[in-house]
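At position 38 of the sequence shown the residue is numbered 35 (my numbering), and the sequence of numbers has no breaks. Glycine included, each C-beta is placed from N, C-alpha and C at the ideal position.
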Amino acid sequence: MDNFTTLVPNEIIAGERLYEAAIDLILASAQSELLIFDQDLRHGDFASVKKFELFQRFLSDNRNSRLTIVLQNTTFFQEKCPRLYKLLAIYGHKMTVYETNNTAKHAKDCFILADQQHYIKRIHIDQARFKYAFNDAESVLQLQSRFQDLLEATETTVSVTRLGL
């Protein structure tokens, strides 16, 4: 499967499998910080063993690593991504998953930022068109500002423990 030769940074690329592969590249490059905004993690193969292994490596290799995920809806994450959900139980001190309030539910793009240097951005959730880049601090800075706005529009945090009497 040599389709990945079409994975050229800084160009708009189309295709779900290429999108999944580019996410793998960005996740593998991350060492200290990952910021993820997504509607629900349905696209990008987040329920796979491969993504689990990439996230686990990221969280375990650096004691100061930090993973922050902002989702518009957390149901898919909680019900269809059991491996990632398990990571939240293990690495809850360095991994946080938020759900946005209604004011942020209109956003239709999604993106991942790694170490304030690398990114992947899906242009619209309904189309597998995306762009990714390494060592592009300027673009990442713009997306970080957007991420902070989305983070401020969160209303709940996903917890792996149930509260009750």
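Handout entry: Sequence-distant residues of its chain with Cβ nearer than 7 Å to Pro6 (five each side left out)
Key = Tyr129, Ala130, Phe131
Practice task
Starting from Lys164, trace the beta strand (DSSP E) both ways and give me its first and last residue.
Solution key: The displayed coordinates of the chain run from -2 to 162. Any statement about residue 164 would go beyond what the structure contains.
Problem - the stretch 43 to 62 in contact with the stretch 133 to 148 per 3-pair CB rule at 8 Å - result: no
Problem - Assigned secondary structure, Leu140 (DSSP; H/G/I helix, E/B strand, else coil) - result: helix
Practice task
Please state if the CB of Phe108 and the CB of Val94 are separated by a distance shorter than 8 Å.
Solution key: no
Handout entry: Sequence-distant residues of the same chain with beta carbon closer than 8 Å to Ile9, five excluded per side
Key = Ile120, Arg126, Phe127, Lys128
Practice task
Could you have a look at Thr97 and say whether DSSP puts it in helix, strand or coil?
Solution key: strand
Exercise for the section: Using 10 angstroms around the beta-carbon of Asp35, count the other beta-carbons present and answer buried if the total reaches 16, otherwise exposed. Expected result: buried
Problem - Asp106 to Arg39 span [Cα, whole Å] - result: 13 Å
Exercise for the section: Specify the secondary structure class of Tyr116 as computed by DSSP and reduced to three states. Expected result: strand
Exercise for the section: Classify Glu149 as helix, strand or coil using the three-state DSSP reduction. Expected result: helix
Exercise for the section: Could you name the residues that DSSP lists as bridge partners for Glu30? Expected result: Arg63
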